[in-house]
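To convert, take the position in the sequence shown, counting from 1, and add 27; that gives the working numbering. Scroll down for the structure; my scribbles are underneath it.
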Amino acid sequence: MDLSTLYFKANKNLVAKAIGELYYEEKIKPVEGEVFSLSLTSGIQYEFTAIKSIWTSLSVNVNSLVRVKDGQKNPINSAAQFFIDAQLELELTDIVLANFLEELNNTLIRDVHLLKKRAEIKAESLLDMSEVERESYLNGHPKALLNKGRIGWNLKENQLYSPEESKGFQLHWLAIKREQSTYLFSATITEDQVLNDSLDQDEKEILLNTLKSHGLSRENYLIIPVHPWQWENIIQTQFLFEISNRSIIELGVFGDLFRPQVSLRTLSNISRPSSLDIKLPLTILNTSAIRGLPSKYIKIGVTISDFLEELVDKDPLLKSSNVSIIKERAGASFESQHFSQVKSAPYRYHEYLGVTWRESIETLNDEKENISSLMTGNLLFVDDQGASLIASLIERSGKDTKTWLSQYFKSVVIPLYHLQSKYGFSLVSHGQNIILRTKDSLPFGVAIKDFGGDLRISEELKNEYTHIPGVENLGNLPAAHLIHDLYTGHFVTLLRFVSEILRDSDHITEIEFYSLLAKEVENYNNNNLPAKEINLLREKFERVIINTVRFQIGYGDSSERPVPKLGTDLDNPIFLGQKSRNKD
28 MDLSTLYFKA
38 NKNLVAKAIG
48 ELYYEEKIKP
58 VEGEVFSLSL
68 TSGIQYEFTA
78 IKSIWTSLSV
88 NVNSLVRVKD
98 GQKNPINSAA
108 QFFIDAQLEL
118 ELTDIVLANF
128 LEELNNTLIR
138 DVHLLKKRAE
148 IKAESLLDMS
158 EVERESYLNG
168 HPKALLNKGR
178 IGWNLKENQL
188 YSPEESKGFQ
198 LHWLAIKREQ
208 STYLFSATIT
218 EDQVLNDSLD
228 QDEKEILLNT
238 LKSHGLSREN
248 YLIIPVHPWQ
258 WENIIQTQFL
268 FEISNRSIIE
278 LGVFGDLFRP
288 QVSLRTLSNI
298 SRPSSLDIKL
308 PLTILNTSAI
318 RGLPSKYIKI
328 GVTISDFLEE
338 LVDKDPLLKS
348 SNVSIIKERA
358 GASFESQHFS
368 QVKSAPYRYH
378 EYLGVTWRES
388 IETLNDEKEN
398 ISSLMTGNLL
408 FVDDQGASLI
418 ASLIERSGKD
428 TKTWLSQYFK
438 SVVIPLYHLQ
448 SKYGFSLVSH
458 GQNIILRTKD
468 SLPFGVAIKD
478 FGGDLRISEE
488 LKNEYTHIPG
498 VENLGNLPAA
508 HLIHDLYTGH
518 FVTLLRFVSE
528 ILRDSDHITE
538 IEFYSLLAKE
548 VENYNNNNLP
558 AKEINLLREK
568 FERVIINTVR
578 FQIGYGDSSE
588 RPVPKLGTDL
598 DNPIFLGQKS
608 RNKD
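Shown next as structure tokens:
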């Protein structure tokens with residue numbers, strides 16, 4: 028396909044996604060019928076066919092979409108025009124809409140590249156790739172309308188540093204004054220071991236000699252990496268005071284090649300794939316927030332990793348479910364002397380410089396035992412021929428769809444539910460944080476990661492963990508709200524789309540899908556009696572929405588990250604699944 032064809036295809040795909048999600052978020056109300064009709068205050072209509080899911084979202088048939096103006100039906104060729112047409116319904120001011128269109132154009136150009144890249148790829152072939160290679164084919168956040176906005180990056184920077192295009196790059200290395208830094212290394216790893224995971228012996232020697240040439244010692248300075256984009260665009264300018272007074276020393280570009288995961292900030296070592304991943308701040312706006320690294324989470328990531336590992340080892344259900352903790356082994360952060368004094372400054376100013384070293388999921392794999400691991404976000408991949416990665420995985424397992432899914436729910440959902448029900452720990456369980464472990468392609472365990480901003484403790488149980496150093500920096504919410512880290516984070520954001528993929532390929536109906544999930548939840552509830560407010564089988568759940576938040580708050584500065592809002596309650600598909608199963 029030529030560029031124009033790909034561009035118009037990307038626009039049409041985005042309009043279909045927008046209609047489906049904005050209907051779910053209750054911002055638009057198309058009239059249902061054999062053909063859906065969306066009449067807008069602008070006088071424009073959109074017509075399409077769609078399937079209404081059990082979640083009340085719409086799966087829009089892309090090829091059916093037409094725009095109707097003055098009675099004339101025309102094919103869709105502009106996603107920007109759709110948002111302009113729907114401006115009043117979406118309550119977008121001109122200022123927010125213009126910013127939104129900039130982010131939309133950034134997303135579309137990445138979508139065009141992905142369409143071109145994915146044209147010849149088959150879903151099954153992704154199963155034989157490394158995780159970081161596999162992620163380079165993924166389409167990003169399934170709910171966020173503009174999931175590759177990356178405001179702050181130009182085309183060249185996307186080519187160098189995006190998960191879709193990057194071929195790998197080396198990191199800049201800095202020495203930062205220990206007395207001005209926040210840092211922690213796990214008791215089971217040394218600073219030298221961390222450096223050895225990114226540098227060969229010769230390069231490490233050069234780096235250390237560079238430090239000595241400045242007349243400095245490691246006793247007073249900590250060595251950390253920085254993303255090349257962050258060094259070029261932020262650190263050299265915003266930390267010039269600290270560079271000038273030798274609180275920060277630039278050591279140069281060294282070490283292994285790293286490639287970004289789909290989350291952008293976390294980098295995989297492609298020179299030595301089992302080495303530690305490195306998470307680095309990037310001061311660009313992508314999806315909901317600017318992707319910095321808050322210093323308050325630096326220490327807790329290490330201490331909570333060790334605590335969770337011990338907890339899993341002692342808990343019979345978690346241990347028998349093969350739960351793995353992808354541990355954060357070390358972290359460091361350095362704040363500008365000046366911005367740190369402006370306590371309520373926009374959050375990005377406090378998150379410019381830091382690093383987290385985390386175990387690679389490649390260490391979970393075992394070729395001899397045929398054990399593999401993949402980020403659950405991969406389950407959303409569908410190739411141009413309509414074949415899905417999840418169907419390919421099920422086929423490889425030699426099991427039927429119902430057996431495979433039951434095993435998934437038992438291995439992934441139930442341990443996450445148990446962590447919250449029994450211990451009050453809740454991880455935002457979206458497709459990047461939850462890793463599916465398979466043996467002979469059948470689910471047999473789950474691995475979890477990202478214990479800074481994405482791990483929280485229920486208000487009801489937080490006092491049981493005051494002995495963990497830094498635990499006060501973890502968020503707390505009442506258990507009734509916190510259950511959404513699983514319900515909205517995993518079910519609405521991931522399983523909603525997985526069940527649609529399997530429905531559309533005639534593998535299993537949605538009600539059968541959620542009946543299987545209900546069965547596993549019911550088995551757990553019967554043995555463990557979770558509190559009423561977090562019972563996954565309750566009849567209604569709150570509808571958590573994200574896109575409307577951006578429409579309302581716009582693109583201005585804030586001292587806090589944006590938070591989702593609520594719509595009307597949902598009829599819980601798991602409850603509906605239980606009801607259906609009991610009828611049978």
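Using N, Cα and C, we set each Cβ at its ideal position, and we do this for glycine too. In this text the structure is predicted, and so the values were computed from the model without any measurement.
Within the chosen definition, does the region 295–305 reach the region 157–164 through at least 3 CB pairs nearer than 8 Å?
-> yes
Taking only the alpha-carbon atoms, compute the straight-line gap between D224 and E218 and give it to the nearest angstrom.
-> 10 Å
Helix, strand or coil for H377 per DSSP?
-> helix
Hey, quick one: how far does the alpha helix (DSSP H) through N101 stretch, first residue to last?
-> Taken as a continuous stretch (DSSP letters only), N101 belongs to no alpha helix (DSSP H), being part of the beta strand (DSSP E) at 99–102.
Note down the Cα distance separating G472 from S348, rounded to an integer number of angstroms.
-> 6 Å
Leaving out five residues on either side along the sequence, give the residues of the same chain with a beta carbon under 6 Å from the beta carbon of F334.
-> I495
Using the C-alpha atoms, what's the distance from Y492 back to D598?
-> 35 Å
Is the beta carbon of V280 less than 8 Å from the beta carbon of Q197?
-> yes
Reduced DSSP secondary structure (H/G/I, E/B, other) of V62 | coil
Going by CA-CA distance only, name the one from T390, V62, R565 that's closest to S86.
-> V62
Enumerate in chain order the residues of its own chain whose CB-to-CB distance from L563 is below 6 Å, with the five nearest sequence positions on each side excluded.
-> V548, I601
Can you pull the DSSP bridge partners for D393?
-> I398
Please name the residue or residues paired with G176 in a DSSP beta bridge.
-> Partner(s): none; G176 has no beta bridge.
Chain-order list of residues whose beta-carbon lies under 7 Å from that of S607 (same chain, five-residue window excluded) | I538, S542
Close-in-space but distant-in-sequence residues of the same chain around E362 (CB under 7 Å, 5 per side omitted) = S322, H377
K592 - DSSP class collapsed to helix/strand/coil | strand
Are E191 and S301 close, meaning C-beta to C-beta below 8 Å?
-> no
Among residues of its own chain, excluding the 5 on either side of L593, which ones have a beta-carbon nearer than 8 Å to its beta-carbon?
-> E569, R570, V571, I572
Could you tell me which of N40, A150, R94 sits nearest to E413, measuring between CA atoms?
-> The identity of residue 413 in the sequence shown is Gly, whereas the question assumes Glu. The candidate whose alpha carbon is nearest that of G413 is A150.
Taking the alpha-carbon positions, what's the L303 to W384 distance?
-> 6 Å
On the three-pair Cβ rule with 8 Å, is the region 167–179 touching the region 118–131?
-> yes
Starting from Y248, follow the beta strand (DSSP E) in both directions and report where the run begins and ends.
-> 248–253
Which one or two residues does DSSP pair with D155 in a beta bridge?
-> Paired residues: none, contrary to the question.
Close-in-space but distant-in-sequence residues of the same chain around S332 (CB under 7 Å, 5 per side omitted) = I352, K354, E355, F478
In chain order, what residues of the same chain lie with their CB nearer than 7 Å to the CB of I459, ignoring the 5 residues before and after it?
-> As written in the sequence, residue 459 is Gln, which differs from the Ile given in the question. Correct list, in chain order: V289, S290, M402, G404.
Return helix, strand or coil for D112, following the three-state DSSP convention.
-> helix
Does the beta-carbon distance from I78 to V95 come in below 8 Å?
-> no
State whether the region 271–286 contacts the region 196–213, with contact taken as three or more CB pairs (one from each stretch) at a distance under 8 Å.
-> yes
Roughly how far, in whole angstroms, is the beta-carbon of G451 from the beta-carbon of L488, given that I think they are within contact range, below 8 Å?
-> 3 Å
Name the residue from L65, L117, N40 whose alpha carbon lies nearest to the alpha carbon of V576.
-> L117
For the region 159–234, list the beta strand (DSSP E) runs that are entirely contained and at least 3 residues long, ordered along the chain.
-> 196–204, 208–212
Per DSSP, which residues does V409 bridge with? Please list them.
-> S415
Euclidean distance between Cα positions of A45 and N38 | 10 Å
Among L416, E486, S585, L603, nearest to I148 - alpha-carbon criterion = L416
Tell me whether S456 is buried or exposed, calling it buried when 16 or more other Cβ atoms sit within 10 Å of its Cβ.
-> buried
Could you pull the start and end residues of the alpha helix (DSSP H) that Y435 belongs to?
-> 428–435
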